[in-house]
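Taking it in order: structure first as structure tokens, then the write-up.
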Amino acid sequence: MLDIHDLSCHRGDRKLFGQVSVSVPVGRLLSIEGSNGSGKTTLLRAICGLTPPDQGTIRWHGRSITEQRETFTSGLIYIGHRIGLKDDLTPMENIQAAMQMSGHPVTTALARAALEAIGVEPVCYRLPTRVLSEGQQRRVALARLWCSDQPLWVLDEPFTALDARSSQLLRERLQRQVERGGIVVAATHQAIGLDPSTVQQLRLGE
Amino acid sequence: MMQGGLAGAVFGLIQRDLLLTWRRRADIATTLLFFVIVATLFPLGVGPEPAVLRTIAPGVLWIAALLSCFLSLGRLFATDYQDGTLEQMLLTPHPLAALVLGKIAAHWLVSGLPVVVLSPLIGLQFGLSGGAIAILTFSLLLGTPTLSLVGSIGAALTLGIRGGNLLSALLVLPLFIPVLIFGAGAVASSESGMGAEGHLSLLGACVVLAIPFAPWATAAALRIAVE
Numbered sequence: 001m002l003d004i005h006d007l008s009c010h011r012g013d014r015k016l017f018g019q020v021s022v023s024v025p026v027g028r029l030l031s032i033e034g035s036n037g038s039g040k041t042t043l044l045r046a047i048c049g050l051t052p053p054d055q056g057t058i059r060w061h062g063r064s065i066t067e068q069r070e071t072f073t074s075g076l077i078y079i080g081h082r083i084g085l086k087d088d089l090t091p092m093e094n095i096q097a098a099m100q101m102s103g104h105p106v107t108t109a110l111a112r113a114a115l116e117a118i119g120v121e122p123v124c125y126r127l128p129t130r131v132l133s134e135g136q137q138r139r140v141a142l143a144r145l146w147c148s149d150q151p152l153w154v155l156d157e158p159f160t161a162l163d164a165r166s167s168q169l170l171r172e173r174l175q176r177q178v179e180r181g182g183i184v185v186a187a188t189h190q191a192i193g194l195d196p197s198t199v200q201q202l203r204l205g206e
Numbered sequence: 207m208m209q210g211g212l213a214g215a216v217f218g219l220i221q222r223d224l225l226l227t228w229r230r231r232a233d234i235a236t237t238l239l240f241f242v243i244v245a246t247l248f249p250l251g252v253g254p255e256p257a258v259l260r261t262i263a264p265g266v267l268w269i270a271a272l273l274s275c276f277l278s279l280g281r282l283f284a285t286d287y288q289d290g291t292l293e294q295m296l297l298t299p300h301p302l303a304a305l306v307l308g309k310i311a312a313h314w315l316v317s318g319l320p321v322v323v324l325s326p327l328i329g330l331q332f333g334l335s336g337g338a339i340a341i342l343t344f345s346l347l348l349g350t351p352t353l354s355l356v357g358s359i360g361a362a363l364t365l366g367i368r369g370g371n372l373l374s375a376l377l378v379l380p381l382f383i384p385v386l387i388f389g390a391g392a393v394a395s396s397e398s399g400m401g402a403e404g405h406l407s408l409l410g411a412c413v414v415l416a417i418p419f420a421p422w423a424t425a426a427a428l429r430i431a432v433e
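Line by line, the protein sequences give chains A and B.
Everything in the first sequence is counted per our numbering, starting at 1 for the first residue and increasing by one.
Everything in the second sequence is counted per our numbering, starting at 207 for the first residue and increasing by one.
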């Protein structure tokens with residue numbers, strides 16, 4: 001269970017949002033909506049512990065995330081605006097390097113299966129990531145979601161640059177994550193299209 | 207490749223950085239050529255007097271090594287910062303300082319170690335004796351890791367700042383002074399018959415001090431940069 005209490009953040013001199021409180025029980029997707037510049041990304045980064053909030057607390061299963069950094073981060077996947085791929089590595093190498101660094105190493109077979117699951121074409125597997133299109137690169141980054149079973153996923157605009165088929169694959173994956181008792185926090189402009197009983201909404205900037 | 211845990215993460219990161227350097231080997235070749243060319247310019251500028259060249263050789267080699275190490279420091283965290291892998295490093299369950307130490311080790315392997323390997327050749331060009339070359343090479347072997355370690359603090363502090371490289375030079379080059387003095391002094395001191403042990407032990411002390419302290423300071427600076 002993810003518990004955000006009385007959270008306030010600013011950027012420069014400008015206050016982005018104040019007194020945001022929301023509780024997300026397991027098996028739910030929290031969709032964070034709001035116009036450009038309303039602080040969606042900052043809120044996601046605060047939830048991960050990258051940007052410390054001005055005030056307020058974030059609890060994961062009852063304990064503040066700053067007190068249990070190790071436990072919290074080992075159960076977290078964050079895919080941000082900068083997707084964290086190395087240009088000169090192939091998609092396979094990228095997945096394996098990222099998973100190894102996060103403490104969940106995967107075999108080549110598993111990395112390949114994950115790339116297949118989000119529809120990255122096999123012809124891309126041996127190419128450096130920099131020659132792929134933006135949509136293909138985003139799919140490579142998202143393939144990490146098929147690699148492991150972390151309970152908390154924090155995704156910044158996960159549907160950006162995806163075609164209809166990949167969007168559908170991602171939607172099914174998110175649905176499976178909430179069905180097996182995981183939590184997804186996603187910033188998004190459009191409706192995610194999951195079973196409404198599992199979606200919770202938070203609007204920033206109101 | 208399938209090791210879990212902290213050791214797996216650190217060695218995986220070293221492996222990844224070495225692979226990335228291999229894919230961009232022109233960058234490393236540039237830094238090494240820079241080292242060779244700077245060291246070669248001195249005999250041309252100072253004149254071919256063998257006694258003079260022998261005296262200035264250790265200092266010249268050390269300054270060239272220091273500058274070439276510094277050239278490659280700008281890339282240490284910059285690309286990780288731009289493509290978002292640095293954020294991912296911060297979000298692993300491992301202590302950031304340990305991962306940073308892995309990155310510094312990879313940096314030394316591709317920028318410090320080649321300089322150490324090349325230095326006997328440049329030493330010959332300056333007419334140094336066999337003994338002096340041995341001491342010079344050993345002093346570089348002991349001293350260049352400290353350059354990578356201390357340099358990483360500057361690279362992290364100036365991350366994401368416009369003109370950060372120049373600022374980093376102002377921050378870090380003064381911190382290289384002790385290493386330069388002990389390193390270049392080792393050869394002179396052994397030539398004058400006092401033995402190089404004192405200088406070499408001080409170089410060793412520098413690196414022993416920098417190994418626990420520098421990654422920790424760098425990690426703190428990286429956290430601020432990513433905020």
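Built from N, CA and C at the ideal position, the CB exists for glycine as well.
Does the Cβ of A/I13 have 16 or more other Cβ atoms within 10 Å, making it buried, or fewer, making it exposed?
-> Your numbering for residue 13 of chain A matches position 13 in the first sequence. As written in the sequence, residue 13 of chain A is Asp, which differs from the Ile given in the question. Exposed, by the Cβ-count rule.
Exposed or buried, what is A/N94 when buried is set at 16 or more other beta-carbons lying within 10 Å of its beta-carbon?
-> Your numbering for residue 94 of chain A matches position 94 in the first sequence. It is buried - the Cβ of A/N94 has at least 16 other Cβ atoms within 10 Å.
Near A/L110, what residues of its chain come up, given a Cβ to Cβ distance below 8 Å and the 5 sequence neighbours on each side ignored?
-> On the first sequence, residue 110 of chain A is found 110 positions in, with the first residue counted as 1. Result list for A/L110: C147, in chain order.
Is the Cβ-Cβ distance between B/S274 and B/S325 less than 8 Å?
-> By one-based count along the second sequence, residue 274 of chain B stands at place 68. By one-based count along the second sequence, residue 325 of chain B stands at place 119. No. Outside cutoff.
Assuming B/L355 and B/A257 make a contact with CB atoms under 8 Å, what is their CB distance in whole Å?
-> Counting from 1 along the second sequence, the entry for residue 355 of chain B is found at position 149. Counting from 1 along the second sequence, the entry for residue 257 of chain B is found at position 51. Contact doesn't hold; Cβ gap of about 36 Å is too wide.
For A/Q201, which residues from the same chain have a beta carbon less than 7 Å from its beta carbon, with the 5 sequence-adjacent residues on both sides left out?
-> Here residue 201 of chain A is taken as the residue at index 201 of the first sequence, counted from 1. Excluding residues within five positions, the ones whose Cβ falls inside 7 Å are S31, E33.
If you compare alpha carbons, which of A/Y78, A/L115, A/E157 is closest to A/Q96?
-> Taking the first residue of the first sequence as position 1, residue 96 of chain A is located at position 96. It is A/L115 whose Cα lies nearest to the Cα of A/Q96.
Simplified DSSP state of A/L29, which is helix, strand or coil = Start at 1 with the first residue of the first sequence, and residue 29 of chain A comes out as number 29. Note: A/L29 maps to strand in three-state DSSP.
If you compare alpha carbons, which of A/T73, A/T188, A/A161 is closest to B/H300?
-> By 1-based counting over the second sequence, the position of residue 300 of chain B is 94. Checking every option, the nearest Cα to that of B/H300 belongs to A/T73.
Would you please verify whether the beta carbon of B/M295 is less than 8 Å from any beta carbon of chain A?
-> Along the second sequence, read from residue 1 onward, the residue named residue 295 of chain B stands at position 89. Yes, contact with chain A.
Rounded to a whole number of angstroms, what is the C-alpha to C-alpha distance between B/M207 and A/S133?
-> What you label residue 207 of chain B is simply residue 1 of the second sequence in a count that begins at 1. What you label residue 133 of chain A is simply residue 133 of the first sequence in a count that begins at 1. Below a pLDDT of 50, predicted positions are generally treated as unreliable, and B/M207, at 41, falls in that range; the measurement from the model is reported next regardless. Cα to Cα, B/M207 sits roughly 28 Å from A/S133.
Could you tell me the boundaries of the beta strand (DSSP E) in which A/R138 lies?
-> Within the first sequence, the letter at position 138 stands for residue 138 of chain A. Where A/R138 is concerned, there is no enclosing beta strand (DSSP E), although the alpha helix (DSSP H) it sits in stretches over 134-142.
From the beta carbon of B/V229, is the nearest beta carbon of chain A less than 8 Å away?
-> Taking the second sequence and counting its residues from 1, one reaches residue 229 of chain B at position 23. Val is not the amino acid found at residue 229 of chain B; the sequence shown has Arg there. At a cut-off of 8 Å between beta carbons, B/R229 contacts chain A.
Find the nearest neighbour of A/L2 within the set A/G18, A/P91, A/V154, A/G84, judged by alpha-carbon distance.
-> For this step, residue 2 of chain A is matched to residue 2 along the first sequence. Selected option, being the one with the closest Cα: A/V154.
Quick one: residues in its chain with C-beta nearer than 6 Å to the C-beta of A/T57, no 5 flanking neighbours on either side, listed in chain order?
-> Taking the first sequence and counting its residues from 1, the one referred to as residue 57 of chain A is at position 57. For A/T57, where only same-chain residues beyond five positions count, the Cβ hits under 6 Å are H5, S64.
Let me know the beta strand (DSSP E) ranges lying completely inside the segment 31-67 of chain A, each 3 residues or longer, listed in chain order.
-> Runs of beta strand (DSSP E) with 3 or more residues, each lying fully within the segment 31-67 of chain A, are found at 55-60, listed in chain order.
What residue from B/L307, B/L247, B/G290 has the CA that sits closest to B/A425's CA?
-> Translated into the one-based positions of the second sequence, residue 425 of chain B becomes position 219. If we check each option's Cα against that of B/A425, B/L307 comes out closest.
Can the beta-carbon of B/V413 be found closer than 8 Å to that of B/P351?
-> Residue numbering aside, residue 413 of chain B sits at position 207 when the second sequence is read from its first letter. Residue numbering aside, residue 351 of chain B sits at position 145 when the second sequence is read from its first letter. Yes.
Taking the C-alpha atoms as reference points, what is the distance between B/A338 and B/G391?
-> The count along the second sequence starts at 1 and reaches residue 338 of chain B at position 132. The count along the second sequence starts at 1 and reaches residue 391 of chain B at position 185. For B/A338 and B/G391, the distance between alpha carbons rounds to 11 Å.
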